[in-house]
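K.L.:
The UniProt record's numbering applies: residue 1 is where the sequence shown begins, and numbers increase by one. Think of the CB as a built atom: it goes at the ideal place given N, C-alpha and C, for glycine as much as any other residue. First the structure, then my questions, so here it is.
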Amino acid sequence: MTRITAWRRHPLARYAVLILALALVGMVYAAFVQVSKPADAALASGKVDDVAKGKSLFDAHCSSCHGLNAEGTSTGPTLIGVGAASVDFQMSTGRMPAGQPGAQVPSKPLPQWVDEEAIKNIGAYVQSLGGGPQVPGHEQVDAKLGDAGKGGELFRANCIQCHNWAGAGGALTQGKYAPNLNNASPTQIYEAMVTGPQAMPVFNDSTITPEEKRNMIAYITQVREQKDPGGFGLGRIGPVTEGLVAWIVGIFALVLAAIWITAKKRQKS
């Protein structure tokens, strides 16, 4: 006990305790990092071969805009931290590789080298750079498991300002636009919510939970199948189109009425 007491009173004892505590914290942190990183890589499709193939494809087709290390350039943003979900959305919808620069990158037919395997590999490579949202699983996007009624409430509260109540899309400012959702797959809809492409805000899990996202997907896919019992759908764009058609039809009817009235007066005279 005397030796222990003497050691505790030594001037360097407090520094030894501090160093021991820092070493312990470092070991605990390293253990957690080693567990989480492999898990994250595995969920991202994360095989070493996939990442290597993705790196090769990225260097050949993407690095001219996004940089050799995906750090971004004057013509393309950084991809560090965007995740595999962003890659899958942008490439599967034909937005990437981009054509001519503009206010917004439109969808277009996929080039021959882009297929599911290429998208998966590039997604694995980008995921390995800094994590980020991952491609959702089947249960997360299965519309059959969602509640379309609740999804409709969420969609009307968060999305119709840009996408229209039926997902028909619409114009935004500075040449941008909200795209039509009728051709988007459930996976692409989910990915758009978690990555916020172009002018769209990000709806992370703290804003809209995965269950609520699935409900919204159920609503969007259900609306596509609805018919228009009132007559022509007019693209379901909304009151602007309906008002324009009503105005044109109304003016045309008035012109016909004026011609008919004038013709009758001439016959009487």
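Round the Cβ separation of ASN215 and LYS144 to the nearest angstrom and send it over; I've been treating them as touching at under 8 Å.
P.N.:
Going by Cβ atoms, the distance from ASN215 to LYS144 rounds to 12 Å, so no, they are not a contact pair.
K.L.:
Does ALA253 come out as helix, strand or coil in the three-state DSSP assignment?
P.N.:
DSSP places ALA253 in helix when its eight states are reduced to three.
K.L.:
Run the CB neighbour count on LYS120, radius 10 Å, all protein chains shown included, and call it buried at 16 or more, exposed below.
P.N.:
With 16 or more Cβ atoms within 10 Å of its Cβ, LYS120 is classed as buried.
K.L.:
Looking at the secondary structure, which residues open and close the alpha helix (DSSP H) in which THR93 lies?
P.N.:
Note, THR93: premise wrong, no alpha helix (DSSP H); not H, not E.
K.L.:
With a floor of 4 residues, list each alpha helix (DSSP H) that falls wholly inside the UniProt domain "Cytochrome c" (49-130), ordered by position along the chain.
P.N.:
As far as the UniProt domain "Cytochrome c" (49-130) is concerned, its whole alpha helix (DSSP H) runs of at least 4 residues are 63-66, 83-92 and 116-130.
K.L.:
Thinking C-beta only, is ALA98 closer than 8 Å to PRO54?
P.N.:
One point to set straight first is that residue 54 is Gly, not Pro, in the sequence displayed. It is not a contact, given that the beta carbons lie outside the stated cut-off.
K.L.:
In whole angstroms, give me the CA-to-CA distance for residue 331 and ALA178.
P.N.:
Outside the shown range of the chain, which is 1 to 269, sits residue 331, and nothing can be said about it.
K.L.:
Would you mind stating whether PHE89 and GLN174 have Cβ atoms separated by less than 8 Å?
P.N.:
No. Outside cutoff.
K.L.:
Who are ALA171's beta bridge partners in DSSP?
P.N.:
Partner(s): TYR177.
K.L.:
Should TRP165 be flagged as near chain B, meaning a C-beta pair shorter than 8 Å?
P.N.:
You won't find chain B in this structure, because it holds only one protein chain.
K.L.:
Could you check the C-alpha separation between GLY81 and PRO197 for me, to the nearest Å?
P.N.:
Cα to Cα, GLY81 sits roughly 14 Å from PRO197.
K.L.:
How about TYR190 and VAL141: are their beta carbons less than 8 Å apart?
P.N.:
Yes, they are a contact pair.
K.L.:
Buried or exposed for LYS213, going by 16 or more other Cβ atoms inside 10 Å?
P.N.:
Buried, by the Cβ-count rule.
K.L.:
Less than 8 Å separating the beta-carbons of LEU110 and LEU79?
P.N.:
In this structure, LEU79 does not lie closer than 8 Å to LEU110 by Cβ.
K.L.:
Relative to the C-alpha of VAL223, which residue among GLU71, ARG156, SER86 and ILE261 is closest?
P.N.:
Ranking the options by Cα distance to VAL223, first place goes to ARG156.
K.L.:
Who are the near neighbours of GLY146 in its chain, counting only those whose CB is closer than 7 Å to its CB and skipping five residues on each side?
P.N.:
Once the five neighbours on either side are set aside, the close Cβ partners of GLY146 are ARG214, ASN215, ILE217 and ALA218.
K.L.:
Whole angstroms are fine: how far does the CA of ALA21 sit from the CA of VAL105?
P.N.:
If I take the Cα positions, the gap works out to 52 Å.
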